[in-house]
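Q: Taken in order, the sequence shown gives residues 1 to 291; the numbers are from full-length UniProt numbering.
The beta-carbon is built from N, C-alpha and C at its ideal position, and this holds for glycine as well.
This is the structure I want to talk about, given as C-alpha cells.
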Amino acid sequence: MNHHDTERAHILQAIQEQRNALAVTRITGDPAETGRGLVHLAELHGMLEEHAESRRHYEEALGFFQTAGDKEGQAQVLFGLGVARAHFGDHRGAVEHIAQATLLFNGLKDQENEALCRAAIGESLRAIGQPKGAEEKFQEALLLYRQAKNGPRVARLLLDIGDIRMEAGEYEAARKRFAESLQVLRKEPEIDMEALALCELLLGEAEGLLGNHEAARPHLQQAAELYSQLHDHAYESRARWDLSIACTFMQDWKGARAELETVIPLFEHQGRGEDVAKARKVLAHFDSRGV
Numbered sequence: 001m002n003h004h005d006t007e008r009a010h011i012l013q014a015i016q017e018q019r020n021a022l023a024v025t026r027i028t029g030d031p032a033e034t035g036r037g038l039v040h041l042a043e044l045h046g047m048l049e050e051h052a053e054s055r056r057h058y059e060e061a062l063g064f065f066q067t068a069g070d071k072e073g074q075a076q077v078l079f080g081l082g083v084a085r086a087h088f089g090d091h092r093g094a095v096e097h098i099a100q101a102t103l104l105f106n107g108l109k110d111q112e113n114e115a116l117c118r119a120a121i122g123e124s125l126r127a128i129g130q131p132k133g134a135e136e137k138f139q140e141a142l143l144l145y146r147q148a149k150n151g152p153r154v155a156r157l158l159l160d161i162g163d164i165r166m167e168a169g170e171y172e173a174a175r176k177r178f179a180e181s182l183q184v185l186r187k188e189p190e191i192d193m194e195a196l197a198l199c200e201l202l203l204g205e206a207e208g209l210l211g212n213h214e215a216a217r218p219h220l221q222q223a224a225e226l227y228s229q230l231h232d233h234a235y236e237s238r239a240r241w242d243l244s245i246a247c248t249f250m251q252d253w254k255g256a257r258a259e260l261e262t263v264i265p266l267f268e269h270q271g272r273g274e275d276v277a278k279a280r281k282v283l284a285h286f287d288s289r290g291v
C-alpha cells in the first residue's frame, strides 16, 4: 500500500468513526454540536475530493447552526459550501455563498477568516474571467493579512496579484509584487519551498520580459534548483527553458547549452515531443554557429 492509499484508508476510517459519533450526537447533542459534527464529516469528504457528499453535509449543518443561532458555524459552513460549488465550476454560486460568509466573519471580527473568504472570492472571479474584480478582492484580503501579520498568506496573495498584472502585460508592476513576495518569504522562520520556487520563477520571468536578462538569471537558476528538489519536472523544465533563453540573450552559450541539455530529458519524461524537438533545434543552431 503506497502513501496515497494509506492516507485514503485513514480518512475512510475517520469518516466511519465520525458517522458513528454523529449518530450519537444527533440524539444527545444540541444543534450546534450536531452542526460541528456534520462540518467535520464534510471536511473529511472534501479531503477525498468527494465534493457532492461534502456539500450535502454542509447543507444539513447550515440548518442546525441557524437553529442554534451560531454565527461562526454558519460562516464556516457557507465558506465550505462556496468551496464545494467552486469545485463543480459554479463560481457565481461560490461567490454568493462566500460573500455571505465574509459578512458573518466581519461581524465576528475574525480577520483571518474574512481575509480567507475575500481571497477565495478573488479566485472564483478570476476563474470566470474577471481579473480586475479578482485583484480588488485579493487587495482586500492582502490588507487584512498584513494586519494579522500572516506572512505566508501575504506572500501568496502578492504572487496572485503579480500574476494578474503579468497576464495584463504590466511586467514592471508584476515584478514589484514578486520582489516584495520574495522578501516576505525569506523572512519566514519556516520556508515554504513551493511558494519560494514559484516566486523565484515568476520574478525571473518578469525580469526577462522587461529585458533584464542578467537580473533574471539568478532567480531562474534558484527556481530550477528548488523545483529539482521538489521533483516537479513540469516547473523545473519551465525554469530551465527560461534560463536557457536568458543565457542566450547574455551570449553565455555554454550556460544556455547546459540548460538545454538538462531540459531535454525533463521534456522527454513528460512526453513533450514538440518541446524536445524545439530544444534540439536550438542546440543544432548553436552547433552550426560553432558556439
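1) Would you please verify whether the beta carbon of A284 is less than 7 angstroms from any beta carbon of chain D?
2) Might you give, ordered along the chain, the residues of its own chain that have their beta carbon closer than 6 angstroms to the beta carbon of L283, omitting 5 neighbours on each side?
3) So the candidates are E214, T262, L210; which of them puts its Cα closest to the Cα of A224?
4) Helix, strand or coil for E170? Go by DSSP, reduced to three states.
5) Are A174 and R165 close, meaning C-beta to C-beta below 7 angstroms?
6) Residue range of the alpha helix (DSSP H) that E207 falls in?
7) Just the Cα atoms here: how many angstroms apart are D30 and C199?
8) So H231 is in the alpha helix (DSSP H); what residue range does that whole segment cover?
9) Assign F79 to buried or exposed, taking buried as 16 or more other Cβ atoms, counted over all protein chains shown, within 10 Å of its Cβ.
10) Considering only their Cβ atoms, is the gap separating A101 from A75 smaller than 7 angstroms?
11) What does the alpha-carbon distance come out to for the pair L203 and F138?
12) Tell me which same chain residues have a C-beta within less than 7 angstroms of the C-beta of L209, skipping the five on either side of it?
13) Could you give the uninterrupted runs of the alpha helix (DSSP H) lying entirely in the segment 217-288, keeping only those of 4 residues or more?
14) When we look at the beta-carbon of V95 and count the other beta-carbons within 10 Å, is it buried (16 or more) or exposed?
15) Compute the distance between the beta-carbons of residue 302 and E140, then report whether it is under 7 angstroms.
16) Counting C-beta neighbours from all protein chains within 10 Å, is the total for D242 16 or more, i.e. buried, or is it exposed?
17) Please state the DSSP three-state secondary structure of D110.
18) Unbroken alpha helix (DSSP H) runs of length 4 or more, entirely within the segment 124-165: which are they?
19) Would you mind working out which of Q221, A42, R36, N150 sits nearest A84, comparing C-alpha positions?
20) Roughly how many angstroms separate the alpha carbons of R280 and L226, rounded to a whole number?
21) Apart from the five residues just before and just after Q111, which ones in its own chain have a Cβ nearer than 7 angstroms to its Cβ?
22) Taking all protein chains shown into account, decide if T34 is buried (16 or more other Cβ within 10 angstroms of its Cβ) or exposed.
23) Using CA coordinates, which residue listed in I128, E190, R289, G122 is at the minimum distance from L158?
24) Give every residue of the same chain whose Cβ lies closer than 6 angstroms to the Cβ of E194, excluding the five residues on either side of it in the sequence, and list them in chain order.
25) By DSSP, does P31 sit in helix, in strand, or in coil?
26) Just how far apart, CA to CA, sit I161 and N20?
27) Please say whether S124 and H87 have beta carbons closer to each other than 7 angstroms?
28) Taking R257 as the reference, give the member of F286, H10, V154, R238 with the closest Cα.
29) Tell me the rounded alpha-carbon separation between E167 and P131.
30) Counting along the chain, where does the alpha helix (DSSP H) carrying G63 start and finish?
31) Distance check for S244 and F267, CA to CA, integer angstroms please.
A: A quick look at the data gives this:
1) The chain labelled as chain D is not found in the depicted structure, where only one protein chain is given.
2) L260
3) T262
4) coil
5) yes
6) 193-209
7) 47 angstroms
8) H231 -> no alpha helix (DSSP H), and no H or E assigned at all.
9) buried
10) yes
11) 19 angstroms
12) Y171
13) 233-249, 253-269
14) buried
15) Outside the shown range of the chain, which is 1 to 291, sits residue 302, and nothing can be said about it.
16) buried
17) coil
18) 131-147
19) A42
20) 25 angstroms
21) L144, Q147, A148
22) buried
23) G122
24) none
25) helix
26) 44 angstroms
27) no
28) F286
29) 9 angstroms
30) 51-68
31) 14 angstroms
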